[in-house]
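Participant: Here it is: the structure, laid out below.
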Amino acid sequence: AQSVTQLGSHVSVSEGALVLLRCNYSSSVPPYLFWYVQYPNQGLQLLLKYTSAATLVKGINGFEAEFKKSETSFHLTKPSAHMSDAAEYFCAVSAGGYQKVTFGTGTKLQVIP
Amino acid sequence: DTAVSQTPKYLVTQMGNDKSIKCEQNLGHDTMYWYKQDSKKFLKIMFSYNNKELIINETVPNRFSPKSPDKAHLNLHINSLELGDSAVYFCASSPGQVDSPLHFGNGTRLTVT
Numbered sequence: 619a620q621s622v623t624q625l626g627s628h629v630s631v632s633e634g635a636l637v638l639l640r641c642n643y644s645s646s647v648p649p650y651l652f653w654y655v656q657y658p659n660q661g662l663q664l665l666l667k668y669t670s671a672a673t674l675v676k677g678i679n680g681f682e683a684e685f686k687k688s689e690t691s692f693h694l695t696k697p698s699a700h701m702s703d704a705a706e707y708f709c710a711v712s713a714g715g716y717q718k719v720t721f722g723t724g725t726k727l728q729v730i731p
Numbered sequence: 667d668t669a670v671s672q673t674p675k676y677l678v679t680q681m682g683n684d685k686s687i688k689c690e691q692n693l694g695h696d697t698m699y700w701y702k703q704d705s706k707k708f709l710k711i712m713f714s715y716n717n718k719e720l721i722i723n724e725t726v727p728n729r730f731s732p733k734s735p736d737k738a739h740l741n742l743h744i745n746s747l748e749l750g751d752s753a754v755y756f757c758a759s760s761p762g763q764v765d766s767p768l769h770f771g772n773g774t775r776l777t778v779t
């Protein structure tokens, strides 16, 4: 069984400030972890993924995430928020034979000018 | 060219009606999915097909019936629509490996009145 918990359904940051979106996972087998972004009225787009090659993963738009097995975490960060980063962010886990991806409940990021 | 396309984008219908949503992908992927996103943005997998074969069938009312005529198409037919079926339905595809990201369509917003 696998699950994902995203802490904070809403996060507000000032433009230029650090973005930190939290994700903790649970998996009975080594997981593959993903962050997706959803802009209004659109589908989800992949930001980055962890596949065990490196614990620090860089993605698009300046985002990165660090896999910490001891903490079962995969938090998403960006050093400086931009207005265009305002969106819904989803953490997801995939494990096991068939590719059954389980999503977290999402975090809405608001960027304040 | 749109990679994963869904039609229609919006669907407004009355309770008790039957409706279908179509999905096509031109990425050459073997696996396709239907996800339901509720008003709180929670994403739940409904079905997954691999090369036209059903591989994931979550606890979904049997009023929902997926059909995959070929590996590039996955349609969703819904009988006897209910108010609770109102949601955004997303189609997605992937190569099918456990570490493969999902590619999403832009969703179909279904409103049942």
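Residue numbers (the working numbering), protein chains in the order written: chain A, 619 to 731; chain B, 667 to 779.
C-beta: ideal position from N, C-alpha, C; glycine also.
Who are the near neighbours of B:V726 in its chain, counting only those whose CB is closer than 8 Å to its CB and skipping five residues on each side?
Facilitator: Contacts found: M712 and F713.
Participant: Tell me, please, whether the CB atom of A:S646 is closer than 9 Å to any CB atom in chain B?
Facilitator: no
Participant: Around the Cβ of B:K706, are there at least 16 other Cβ atoms within 10 angstroms (buried) or fewer (exposed)?
Facilitator: exposed
Participant: Quick one, which of A:A683, A:K687 and A:R640 has its alpha-carbon nearest A:P648's?
Facilitator: A:K687
Participant: So B:R729 is in the beta strand (DSSP E); what residue range does that whole segment cover?
Facilitator: B:R729 -> no beta strand (DSSP E), and no H or E assigned at all.
Participant: Taking A:Y650 as the reference, give the member of A:A683, A:A705 and A:A699 with the closest Cα.
Facilitator: Looking at the Cα atoms, A:A683 is the closest of the given residues.
Participant: Going by DSSP, what residue range makes up the beta strand (DSSP E) through B:M698?
Facilitator: T697 to Q703
Participant: So, is A:T673 buried or exposed, given that buried needs 16 or more other C-beta atoms within 10 angstroms?
Facilitator: exposed
Participant: Compare the C-beta of A:Y643 against all C-beta atoms of chain B and say whether one is closer than 9 Å.
Facilitator: no
Participant: Just checking: is the beta-carbon of A:A713 within a distance shorter than 9 Å of some beta-carbon in chain B?
Facilitator: yes
Participant: My guess is that A:S670 and A:I730 are in contact by the Cβ rule of under 8 Å, so how many angstroms apart are they, rounded?
Facilitator: 37 Å between Cβ atoms; not a contact.
Participant: If you check the beta carbons only, do A:Q656 and A:K718 fall under 9 Å apart?
Facilitator: no
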